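*Asks:*
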Amino acid sequence: MMRGMVRLALSPRIRRSPFYDATIAAGASDFTVYNKMLMPMSFGDLRGEYDALTQRVAMWDVAAERQVQISGPDAHACAQYLSSRDLTTMVEGQGKYVAMCDHDGVLLNDPVLLKLSGDRYWFSIADADMLLWCRAISAEQGFDVEVSEPDVSPLAVQGPLAEDLVAGLIGEEVRSLKYFWFLETTLEGIPLVVCRSGWSKQGGFELFLQDGTRGTELWDLVAAAGASYGIAPGSPNHVERVESGLLSFGGDTTQGSNPYEAGMASFVQPNIDQDFIGKAALQQVLADGPTRLLVGLEVGADIGDEWLLPVRTPVLLGETQVGTASAIVWSPRLERTIGIAQVDRSVVEAGESVMVSGQRGMHTASITSLPFT
Ligand code: THG
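Position in the sequence shown counted from 1, then plus 1269, gives you this note's numbering.
#1: Counting Cβ pairs closer than 8 Å, one from the stretch 1337-1357 and one from the stretch 1367-1378, do we hit at least three?
#2: The ligand THG: which residues have Cβ under 6 Å from any of its heavy atoms, chain order?
#3: Tell me whether V1625 is buried or exposed, calling it buried when 16 or more other Cβ atoms sit within 10 Å of its Cβ.
#4: Cα separation between L1562 and D1379?
#5: Taking only beta-carbon atoms, is G1499 less than 8 Å away from chain B?
#6: Excluding the five sequence neighbours on either side, which residues of its own chain have a C-beta within less than 8 Å of the C-beta of L1586, listed in chain order?
#7: Label Y1448 either buried or exposed according to how many other C-beta atoms from any shown protein chain fall within 10 Å of its C-beta, with 16 as the threshold for buried.
#8: How should V1275 be labelled, buried or exposed, when 16 other C-beta atoms within 10 angstroms of its C-beta is the threshold for buried?
#9: So, under 8 Å CB-CB, D1613 and G1592 are touching, yes? Tell me the CB distance rounded to an integer number of Å.
#10: Let me check you understand the geometry: is the CB of G1437 closer than 7 Å to at least one non-hydrogen atom of the ligand ZN?
#11: By the 10 Å Cβ neighbour count, where 16 or more other Cβ atoms means buried, how is S1638 classified, buried or exposed?
#12: Please classify V1360 as buried or exposed, where buried requires at least 16 neighbouring CB atoms within 10 angstroms.
#13: Which same chain residues, not among the five before or five after Y1303, have their C-beta less than 6 Å away from its C-beta?
#14: Identify the continuous alpha helix (DSSP H) that holds K1548 and give its terminal residues.
#15: Ends of the beta strand (DSSP E) at Q1524?
#16: Leaving out the 5 sequence neighbours to the left and right, which residues in its chain are closer than 6 Å to G1467 when beta-carbon positions are compared?
#17: Where does Q1336 sit, in a helix, a strand or coil, going by DSSP?
#18: For R1510 versus S1535, is the C-beta distance shorter than 8 Å?
#19: Pairing CB atoms from the stretch 1310-1329 with CB atoms from the stretch 1385-1392, are three or more of them under 8 Å?
#20: Helix, strand or coil, according to DSSP, for F1641 in the structure here?
#21: By Cβ distance, which residues of its chain are closer than 6 Å to A1436, with the 5 residues on each side in sequence left out?
#22: For E1415, is the classification buried or exposed, using 16 other Cβ atoms within 10 angstroms of its Cβ as the cut-off for buried?
#23: The beta strand (DSSP E) spanning H1561 covers which residue range?
#24: Hey, out of Q1338, A1501 and E1418, whose CA is closest to H1329's CA?
#25: Go through the stretch 1352-1410 residue by residue and report every complete run of the beta strand (DSSP E) that reaches 3 residues or more, in order.
#26: Do you know how far the Cα of G1481 is from the Cα of D1433?
#27: Quick one: what's got a C-beta closer than 6 Å to S1600's C-beta in the same chain, skipping five residues either side?
#28: In this structure, does DSSP put D1320 in helix, strand or coil?
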């Protein structure tokens, strides 16, 4: 069924999630490697997984979204220096979507940052070695912090029925959590952080398991509580995230992309008083304007399942490559073919139509802003 099928020889360097056994038992069929950990990509029925996510509720092993913990007296200063967003008003129990950049303003990661206390933060990271980066930066800056990867593994519960399910399981207090805010609790003695978050626009929570020996137990509790809601196992959903215009770091971005080229302009504040890595470079990008923009594509062809998996394909204007499409999908919600691409700003601003290549030839596409409506 899946394009590009390979067999992956497992070695100890490829880590197992605490939910690995449970996902295998639930029928996980396809995995990727993310932060050196196996992450399920499908349970064999991508359309069924999309329907569960958008109509009912889905559960995803996203343990590969590892945490980089910054703890100690300088934790706040260190977290701020690593983030291109103002953290001064952030309070305990709050999370924020932030960009982490290098000194040239290049996007290194797009984590959700959780403030557990005044001296303890978690960067919940996308796929890149941020532990090394954070350790190096904190040491070079002389911050009085410890940088570690704690035993923490998120399990996402996403979909229109997710809130009822999690409220029944954890307690009614989860209903009043604002986006990316969280509480600490236990479920049958399993220590959890429960956060209103997740990589979909269907609503939901992530249960951050704080004891890696109890993954199967947590998975089974959620699956049992979810049975009456029609819960199904799934994974971060390629089609829904394109419909919702959510950034896939490392998928939509290329080496050297800055946050403005990744659609993260509203999460970057280069003109704040605080110093942070890449500040001067980002001020320059803001002044000059980015060279490329992350945009939506409306593709004038019914491609069916031609592009079931994320693939990169050139975006052309005449003979010239003017961008790269990182996803093209058939949208069941919009009933048309849509995509996400990085395209030269001049082409976007001129309102040009472009071409993208598919397995069966070239398709015309018009450029639109994200998210799709
Ligand atoms: N869960 C956890 N950690 C993660 C991810 C996750 N870390 C990496 C990656 N995924 C982070 N990526 C995103 C991208 C977008 C959103 C969440 C995580 C998101 N964005 C909304 C938007 O762009 O419209 C809202 C942002 C806002 O308003 O602040 O939800 O999945 N644990």
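Beta carbons: idealized from backbone N, C-alpha and C, even for Gly. Note that the coordinates shown come from a computational prediction; the quantities given were computed from them, not determined experimentally.
*Replies:* Checking against the coordinates, here is how it stands:
#1: yes
#2: V1331, E1334, Y1366, D1379, P1380, V1381, S1393, I1394, A1395, P1423, S1466, G1467, W1468, E1475, L1515 and L1516
#3: In the sequence shown, the residue the question calls residue 1625 occupies position 356. That one is buried.
#4: Taking the sequence shown and counting its residues from 1, the one referred to as residue 1562 is at position 293. Taking the sequence shown and counting its residues from 1, the one referred to as residue 1379 is at position 110. Rounded to whole angstroms, L1562 to D1379 spans 17 Å at the Cα level.
#5: Chain labels in this structure do not include chain B; a single protein chain is all it has.
#6: The residue given as residue 1586 occupies position 317 in the sequence shown. Closer than 8 Å at Cβ, skipping near neighbours: V1616, E1621, V1623 and M1624.
#7: Taking the sequence shown and counting its residues from 1, one reaches residue 1448 at position 179. Looking at its Cβ environment, which holds fewer than 16 other Cβ atoms inside 10 Å, Y1448 is exposed.
#8: For the purposes of this step, residue 1275 is taken as residue 6 along the sequence shown, with counting starting at 1. With fewer than 16 Cβ atoms within 10 Å of its Cβ, V1275 is classed as exposed.
#9: Your numbering for residue 1613 matches position 344 in the sequence shown. Your numbering for residue 1592 matches position 323 in the sequence shown. That pair is a contact at about 6 Å.
#10: Here the bound small molecules are the ligand THG; the ligand ZN is not part of this structure.
#11: Taking the sequence shown and counting its residues from 1, the one referred to as residue 1638 is at position 369. Exposed: under 16 other Cβ atoms inside 10 Å.
#12: Here residue 1360 refers to the residue found at position 91 of the sequence shown. Exposed: under 16 other Cβ atoms inside 10 Å.
#13: Walking along the sequence shown from the start, residue 1303 turns up at place 34. Excluding sequence neighbours, Y1303 sits near A1333 and D1396.
#14: By one-based count along the sequence shown, residue 1548 stands at place 279. Where K1548 is concerned, the enclosing alpha helix (DSSP H) stretches over K1548 to D1557.
#15: Walking along the sequence shown from the start, residue 1524 turns up at place 255. Unbroken run through Q1524: none, as it is neither H nor E.
#16: Position 198 of the sequence shown holds residue 1467. Closer than 6 Å at Cβ, skipping near neighbours: A1425, Q1427, G1473 and E1475.
#17: Sequence index remark: in the sequence shown, residue 1336 carries index 67 (1-based). Residue state, collapsed to three classes: strand.
#18: On the sequence shown, position 241 is the one that residue 1510 refers to. On the sequence shown, position 266 is the one that residue 1535 refers to. No. Outside cutoff.
#19: no
#20: Working through the sequence shown from its first residue, we reach residue 1641 at position 372. Here F1641 sits in coil by DSSP.
#21: By one-based count along the sequence shown, residue 1436 stands at place 167. Around A1436: V1443 and R1444.
#22: Working through the sequence shown from its first residue, we reach residue 1415 at position 146. Burial call: exposed.
#23: On the sequence shown, residue 1561 is found 292 positions in, with the first residue counted as 1. The sequence shown places Arg at residue 1561, not His. Taken as a continuous stretch (DSSP letters only), the beta strand (DSSP E) holding R1561 covers R1561 to V1568.
#24: On the sequence shown, residue 1329 is found 60 positions in, with the first residue counted as 1. As written in the sequence, residue 1329 is Trp, which differs from the His given in the question. The shortest Cα separation from W1329 among Q1338, A1501 and E1418 belongs to A1501.
#25: 1364-1366, 1376-1378, 1381-1386 and 1389-1393
#26: What you label residue 1433 is simply residue 164 of the sequence shown in a count that begins at 1. What you label residue 1481 is simply residue 212 of the sequence shown in a count that begins at 1. Using only the alpha carbons, I get a separation of about 26 Å.
#27: As a first step, residue 1600 is located in the sequence shown; it is residue number 331 there, counting from the start. Cβ neighbours of S1600 beyond the five flanking positions: E1512 and I1607.
#28: Locating residue 1320 in the sequence shown gives position 51, counting from the first residue. DSSP places D1320 in helix when its eight states are reduced to three.
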